[in-house]
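Chemist:
Structural data, given as structure tokens:
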């Protein structure tokens with residue numbers, strides 16, 4: 001699982017620079033943090049179906065086999081972006097709960 005997350009971060013760095021997709025990068029980074037927090041045992045409130053959906057989208061994101069190949073300028077990343085946008089909308093409540101938990105945890109850890 002952590003290898004998948006490493007691959008996502010690597011691809012995200014090159015995609016964000018090429019396509020100037022800061023909001024997309026932020027969304028994917030949030031999904032990565034959700035999976036890491038769940039996998040490490042820090043955050044267990046993520047429903048199983050949501051976890052599977054997030055991991056599936058991240059696998060699709062790093063997969064060289066895409067609906068629209070990533071090597072095509074501009075449009076190559078559009079299927080990945082559309083899938084992440086759909087996931088964010090679909091898992092809105094779970095994502096908000098995680099973001100609230102993350103913010104509270106960060107506040108507690110800082111002081």
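Numbering (full-length UniProt numbering), first residue to last: 1 to 111. Just so you know, even glycine gets a beta-carbon here, dropped at the ideal spot from N, CA and C.
#1: Whose CA, out of 53, 82 and 54, lies closest to the CA of residue 67?
#2: Use the C-beta contact count for residue 58: other C-beta atoms within 10 angstroms, 16 or more gives buried, fewer gives exposed.
#3: Who are the near neighbours of residue 41 in its chain, counting only those whose CB is closer than 8 Å to its CB and skipping five residues on each side?
#4: Between which residues of its own chain and residue 80 is the CB-CB distance below 6 Å, once the five residues before and five after are set aside?
#5: According to the neighbour-count rule (16 or more other Cβ atoms, all chains shown, within 10 Å of its Cβ), is residue 50 buried or exposed?
#6: Alpha carbon to alpha carbon, what distance is there between residue 90 and residue 10?
#7: Since residue 80 is in the alpha helix (DSSP H), which residue starts that stretch and which ends it?
Modeler: Result, derived from the coordinates:
#1: 82
#2: buried
#3: none
#4: 61
#5: buried
#6: Between the C-alpha atoms of residue 10 and residue 90 there is a straight-line separation of about 25 Å.
#7: 78-90
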